[in-house]
Amino acid sequence: MSAIASRSESLSRLREHLAVVEGANRLSALGFSVAALDHRLADGGLHAAAVHEFAPAAASLGDDAAATLFIAGAAARFAAAADARVLWVVGRFDLYAPGLEQAGLTPAKVLFAEGRDDKEVLALMEDALRHGGLAAVVGEVRRADMIATRRLQLAAEGGRTPVLLLRRWRRRGVSPLSELSAATTRWRIACAAPRQLR
517 MSAIASRSES LSRLREHLAV VEGANRLSAL GFSVAALDHR LADGGLHAAA VHEFAPAAAS
577 LGDDAAATLF IAGAAARFAA AADARVLWVV GRFDLYAPGL EQAGLTPAKV LFAEGRDDKE
637 VLALMEDALR HGGLAAVVGE VRRADMIATR RLQLAAEGGR TPVLLLRRWR RRGVSPLSEL
697 SAATTRWRIA CAAPRQLR
């Protein structure tokens with residue numbers, strides 16, 4: 517009886533030690549190095565084991581591009597911090613690689629996958645998150661309900677990998693962020709108004 521208890525106690529100590537070591541090697545949150553922004557986020561940045569949703573502020577090409585490049589920049593920072601690759605899952609491949617590279621996401625740091633529809637994109641993301649070896653998982657969908665985002669959140673926590681979910685506009689007048697979600701943060705991204713040069 518004491519040998520079993522002793523072995524169980526040793527296993528518990530080993531698990532605790534491994535959790536500490538793994539936690540030390542993993543990023544808890546990634547800040548933007550912009551004090552006004554980082555101070556507003558609970559962890560001082562984007563939590564590294566959570567779902568973060570982004571949507572263009574308007575159904576325009578400019579705002580769509582701004583949201584995509586914002587995500588690319590965040591993904592590039594996660595990739596640099598973890599020294600690992602990012603998986604970007606799309607339903608329709610319309611990404612512009614030179615634009616992603618200008619945002620810091622080089623071809624060497626990104627893998628692409630394409631799903632037939634939102635359901636397949638979400639399934640690919642979830643599988644990738646459970647792997648745990650990626651710096652971040654990016655996905656683009658038009659629709660993701662509370663159950664889908666909750667599943668992503670649980671997979672992100674399990675794999676200790678951030679999710680950057682781009683929610684595309686389905687129809688004008690209805691914000692992509694109007695659906696309920698389990699996301700930790702939700703962002704509406706817009707192009708800055710042009711300034712007149714003097």
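Here our numbering is used: the first residue of the sequence shown is 517, the next is one more, and so on.
Beta carbons are placed, not taken as given, at the ideal position from N, Cα and C, and that holds for glycine.
Query: Is DSSP giving residue 690 helix, strand or coil here?; Result: coil
Query: Would residue 656 be called buried (16 or more neighbouring beta carbons within 10 Å of its own) or exposed?; Result: buried
Query: Could you pull out every residue in the same chain whose Cβ sits closer than 6 Å to the Cβ of residue 610, ignoring the five residues on either side in sequence?; Result: none
Query: Check whether the stretch 643-657 touches the stretch 594-608, taking contact to mean three or more Cβ pairs, one atom from each stretch, closer than 8 Å.; Result: yes
Query: For the candidate residues 707, 713, 711 and 712, whose alpha-carbon lies nearest to that of residue 580?; Result: 707
Query: Based on Cα-Cα distance, which residue from 661, 651 and 672 lies nearest to residue 642?; Result: 672
Query: In whole angstroms, what is the alpha-carbon distance linking residue 704 and residue 559?; Result: 19 Å
Query: If you compare alpha carbons, which of 630, 677, 588 and 577 is closest to residue 598?; Result: 677
Query: In terms of DSSP beta bridges, what is residue 572 paired with?; Result: 705
Query: Would you check if the distance between the CB atom of residue 696 and the CB atom of residue 702 is smaller than 8 Å?; Result: no
Query: Which complete alpha helix (DSSP H) runs does the stretch 641-689 hold, if anything under 4 residues is left out?; Result: 662-675
Query: What's the C-alpha gap between residue 574 and residue 691?; Result: 8 Å
Query: Need the endpoints of the beta strand (DSSP E) that residue 594 sits in, please.; Result: Per DSSP, residue 594 belongs to no beta strand (DSSP E); it is in the alpha helix (DSSP H), 577-598.
Query: Bridge partners for residue 548 per DSSP, in chain order?; Result: DSSP, once it has assigned bridges, lists no residue as partnering residue 548.
Query: Ends of the beta strand (DSSP E) at residue 627?; Result: 626-630
Query: Grouping DSSP H, G and I as helix and E and B as strand, with all else coil, what is residue 553?; Result: helix
Query: From which residue to which residue does the alpha helix (DSSP H) around residue 603 run?; Result: First-last for residue 603: 602-606, but that is the beta strand (DSSP E), not the alpha helix (DSSP H).
Query: Specify, as a first and last residue, the run of the alpha helix (DSSP H) that residue 618 falls within.; Result: 613-618
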